[in-house]
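Below is one structure, written out as structure tokens; the observations come after it.
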Amino acid sequence: MLIPVILAGGNGTRLWPLSRQHRPKQFLAVAGETTMLQQTLARLEGLNKAPPIIVAHQEHRFLVAEQLREQGIEDATLVLEPEGRNTAPAIAVAALVASRREDDPLLLVLPADHLLHDDEAFRASVGRAVKFAEQGWLVTFGVVPRHAETGYGYLQRGELLGGGDGHRVRRFVEKPDADTAQTYLDSGEFLWNSGMFLFRASRYLNALERLQPEMLDACRAAVAGAQSDLDFLRLDTDAFLACPANSIDYAVMEETDDAAMVSLEAGWSDIGSWSALWEHQAHDAQGNAAWGDVVAEDTRNSLIHADSRLVATLGVEDLVIVETQDALLVARRDRVQDIKTLVERLLVEGRREGVEHPRVHRPWGYYQRIDIGSRYQVKRIHVEPGARLSRQLHHHRAEHWVVVRGTAQVSVGGKTFLIGENRSTYIPVGQEHVLENPGRIALELIEVQSGTYLGEDDIVRLDDQYGRV
1 MLIPVILAGG NGTRLWPLSR QHRPKQFLAV AGETTMLQQT LARLEGLNKA
51 PPIIVAHQEH RFLVAEQLRE QGIEDATLVL EPEGRNTAPA IAVAALVASR
101 REDDPLLLVL PADHLLHDDE AFRASVGRAV KFAEQGWLVT FGVVPRHAET
151 GYGYLQRGEL LGGGDGHRVR RFVEKPDADT AQTYLDSGEF LWNSGMFLFR
201 ASRYLNALER LQPEMLDACR AAVAGAQSDL DFLRLDTDAF LACPANSIDY
251 AVMEETDDAA MVSLEAGWSD IGSWSALWEH QAHDAQGNAA WGDVVAEDTR
301 NSLIHADSRL VATLGVEDLV IVETQDALLV ARRDRVQDIK TLVERLLVEG
351 RREGVEHPRV HRPWGYYQRI DIGSRYQVKR IHVEPGARLS RQLHHHRAEH
401 WVVVRGTAQV SVGGKTFLIG ENRSTYIPVG QEHVLENPGR IALELIEVQS
451 GTYLGEDDIV RLDDQYGRV
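Pasting the structure below:
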């Protein structure tokens, strides 16, 4: 039986402005009705599998939990990293946690942000890979290339393995230039490196012990010192931060003699750029892929995403245009690989647009910024039925709440009372307060903050059912 290991880390810079650090692409529905994490989990249906292990950044824990709840998955193990250390340590802690469940399980390691169009072909490739993993191979999946791609690494086929369904990996190669990529394609010996793996936990941990002993020691300490927190398993912070950062390719796969690969023809993409997403979407007669309220006149071969308003184009081609409530990206389609540099500049300049969305998700629901100015901020607050915010206070701001949908239960100044639609209340500076939705429908209210400082770090939590104190 397989234990799926879903790697749900990542900062989400390459699909900016839709994807950002606080809500990266694996938690977005950029290629269908469900998110990429949810599509990855759905892809596992039909496999002989145990409950999955999901490794994610601690800041994304409630995003993961909510998306699992929407999928009806209640038995997953959620492992929280205090900070990303790349794929090799993430897989190591998952292997250690999985080995507590059962003796030397098979691990199917999948990034949470990949797109596949043919799930049945994917499951068939997994079936072929299982027999090699059971023989002790560290198996990866090589994607049969559709064109000379410069944005992916490649695997070169080695000798044929028994049964004819797999090959030894002769070598891993980095992202090539255009001429080299064409040479790889013409040779028929090279496949795209998918970043997906299948192996026994012991084989991976033994390889780490030989090749990266310091990394394995840190991961063992992080798991040994892990603490259960609600439905999460928090790795020991100090131990994990002492772990060297490295990818599984560099740390293990390129250094071992036991790397094997099976081919995968399932319409795979890692959606590493807006251009890659454009290639995988349905196009109109002019080659455009559009979402939202878009009017494209005399526009060709472009990706246009409208999130909050009308986007109209005229006389353009080969562009990526992505509009959100607080940002607009306009780029040539052949330059979108450089968006990471643009986001780095936003971070250096301290721009919140590089980190968070106007809509910020919380375990109780979300808030959405409507307007902000000198000494005031307006938000829309959405609280799920039965949810409760922390008991808190603010040193620098007062708040006015106006209920526009549902019923709010408010505790402030030692009093608890209900507020219905079209009614309001006031929270003075420094006053302890609690907001709760006692009803069966979502609670929505407009919050007007006023004061000398309006940052989110002016929240003093006194108790919290979500463990954030």
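Quick note on the UniProt record's numbering: the sequence shown kicks off at 1 and runs consecutively.
No residue lacks a Cβ here, since even glycine has one placed at the ideal position from N, Cα and C.
Alpha carbon of residue i to alpha carbon of residue j, nearest angstrom
i, j, result
"residue 471", "E66", "Here the chain covers residues 1 to 469 and nothing more, so residue 471 does not appear."
"G267", "L115", "8 Å"
"G413", "H433", "7 Å"
"C243", "V130", "30 Å"
"L47", "L2", "8 Å"
"A387", "R234", "23 Å"
"L108", "S450", "51 Å"
"G225", "G195", "29 Å"
"G406", "R468", "26 Å"
"C219", "R61", "20 Å"
"R43", "E265", "15 Å"
"A90", "Q58", "13 Å"
"G32", "G162", "38 Å"
"T452", "I381", "21 Å"
"D165", "Q281", "31 Å"
"S308", "R200", "47 Å"
"S187", "Y154", "12 Å"
"Y204", "R123", "22 Å"
"Q227", "L160", "45 Å"
"D463", "E421", "27 Å"
"F190", "Y250", "18 Å"
"P385", "G365", "9 Å"
"Q286", "D298", "8 Å"
"R157", "S247", "21 Å"
"R171", "Q325", "45 Å"
"L80", "P213", "22 Å"
"F232", "A221", "18 Å"
"H22", "G136", "38 Å"
Residue i and residue j closer than 7 Å at C-beta
i, j, result
"A8", "I73", "no"
"K340", "T13", "yes"
"T35", "L110", "no"
"A289", "H283", "yes"
"K25", "L37", "no"
"E323", "A312", "no"
"L443", "Q377", "no"
"R300", "E317", "yes"
"R333", "V320", "yes"
"R128", "H357", "no"
"A327", "P17", "yes"
"H361", "L63", "yes"
"D270", "S202", "no"
"V294", "I304", "yes"
Rounded Cβ spacing between residue i and residue j (contact assumed at less than 8 Å)
i, j, result
"V262", "F141", "6 Å"
"S273", "Q182", "Contact doesn't hold; Cβ gap of about 20 Å is too wide."
"S390", "R461", "4 Å"
"F240", "R397", "Actually they are not in contact, since the Cβ atoms of F240 and R397 sit about 35 Å apart, beyond 8 Å."
"A94", "V5", "4 Å"
"H394", "I459", "7 Å"
"A207", "T256", "6 Å"
"H400", "Y367", "Not really, about 15 Å apart at Cβ, beyond 8 Å."
"L106", "L198", "7 Å"
"V383", "L435", "7 Å"
"Y466", "L230", "7 Å"
"A259", "L185", "So it is not a contact: roughly 22 Å between Cβ atoms."
Which residues DSSP lists as bridging residue i, in chain order
i, result
"W137", "DSSP lists no partner for W137."
"Y376", "G373, S450"
"K49", "L2"
"K415", "V412"
"Y367", "V360, I381"
"F172", "L155"
"F240", "None; F240 has no bridge partner."
"G142", "N193, S263"
"V330", "I321"
"R20", "R23"
"I54", "I6, L78"
"I304", "A290, I321"
"R461", "Q392"
"H167", "L160, M261"
"A296", "T313"
"P111", "L7"
"F232", "L78, D229"
"L443", "V383"
The ligand MG heavy atom lying under 6 Å from the CB of residue i
i, result
"E209", "No copy of the ligand MG appears in this structure; indeed no ligand is present at all."
Quiz item: Using 8 Å as the threshold, is the region 350–357 in touch with the region 373–391, meaning 3 or more CB pairs across them?
Solution: Touching, no, given that fewer than three Cβ pairs across the two stretches are closer than 8 Å.
Quiz item: Do three or more CB pairs link the region 142–156 to the region 172–188 at distances below 8 Å?
Solution: The region 142–156, when compared against the region 172–188, does touch it at the 8 Å Cβ threshold.
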